[in-house]
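Comments concern the structure below.
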Amino acid sequence: MNRFHVHVAVDDLERNKVFYSSLFGAEPAVSKPDYAKWELEDPAVNFAISARGRAPGIDHLGIQAADEDGLSRLEERARAADAGGLKEAGTTCCYAVSDKYWVTDPQGVAWETYHTLDEAALFTEPAGGCCGPETGASSCCD
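Numbering (our numbering), first residue to last: 24 to 165.
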């Protein structure tokens, strides 16, 4: 099953963790000093927040693939949308190692399609190419 992904930049992580934990009726599956993520079943969503100095609001949207085949299908659909794109293999972002394909919608919103391969100790690798196409819109991992 694919899972819808929302990443919101926040200015007060702890306050937002309390709010979203109450709203979702669940504690974060991942909780770090600058990041939290809920992987909810109902609704099926991967919802992440981070406090990394970005303007508060939607950082990016995405679809988390259950496996590599699912990611390939999502990449094909993104390419068919003719939105350009950026492919990343084995990139470290958001405390995870993932294969990704990024596109930008007509409004400039970054969309991430990805399959998570493993956990990571860091939010992002210092020299990594994370995350997303160069746009005026925000995207993960600055």
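In this text, a Cβ means the ideal position worked out from N, Cα and C, and glycines have one as well.
Range of the contiguous alpha helix (DSSP H) that encloses residue i
i: L36; result: 36-47
Buried versus exposed call for residue i [16 or more other C-beta atoms within 10 Å across all chains shown]
i: I72; result: buried
i: A144; result: exposed
i: G85; result: buried
i: F146; result: buried
i: A104; result: exposed
i: A88; result: buried
i: A52; result: exposed
Limits of the beta strand (DSSP E) - the one that residue i falls within
i: E142; result: 133-142
i: D122; result: 119-127
i: A88; result: No beta strand (DSSP E) holds A88; DSSP gives it neither H nor E.
i: R26; result: 26-32
i: T115; result: 109-116
i: E62; result: 58-64
i: F146; result: Unbroken run through F146: none, as it is neither H nor E.
i: A71; result: 67-73
Between the CA atoms of residue j and residue i - distance to the nearest angstrom
i: W134; j: R100; result: 12 Å
i: S45; j: M24; result: 25 Å
i: A49; j: K60; result: 11 Å
i: C116; j: E148; result: 7 Å
i: A67; j: F42; result: 19 Å
i: E206; j: K123; result: With the chain covering only 24 through 165, there is no way to say anything about residue 206.
i: E62; j: H83; result: 16 Å
i: E157; j: A106; result: At E157 the pLDDT is 49, less than 50, meaning the model places this residue with poor confidence; the figure from the coordinates comes in the next sentence. Their backbone Cα atoms lie some 12 Å apart in a straight line.
i: N39; j: F70; result: 12 Å
i: E91; j: D35; result: 35 Å
i: S54; j: G76; result: 17 Å
i: R102; j: P129; result: 14 Å
i: L109; j: E64; result: 29 Å
i: T114; j: S121; result: 5 Å
i: E26; j: L94; result: Note that residue 26 is Arg in the sequence shown here, rather than Glu. Computed Cα separation, rounded: 11 Å.
Inter-residue CB distance, residue i and residue j (contact presumed, cutoff 8 Å)
i: L127; j: E98; result: This sequence places Thr at residue 127; Leu is not what is there. Not really, about 15 Å apart at Cβ, beyond 8 Å.
i: A74; j: D57; result: 5 Å
i: T139; j: A119; result: 5 Å
i: G80; j: V31; result: 7 Å
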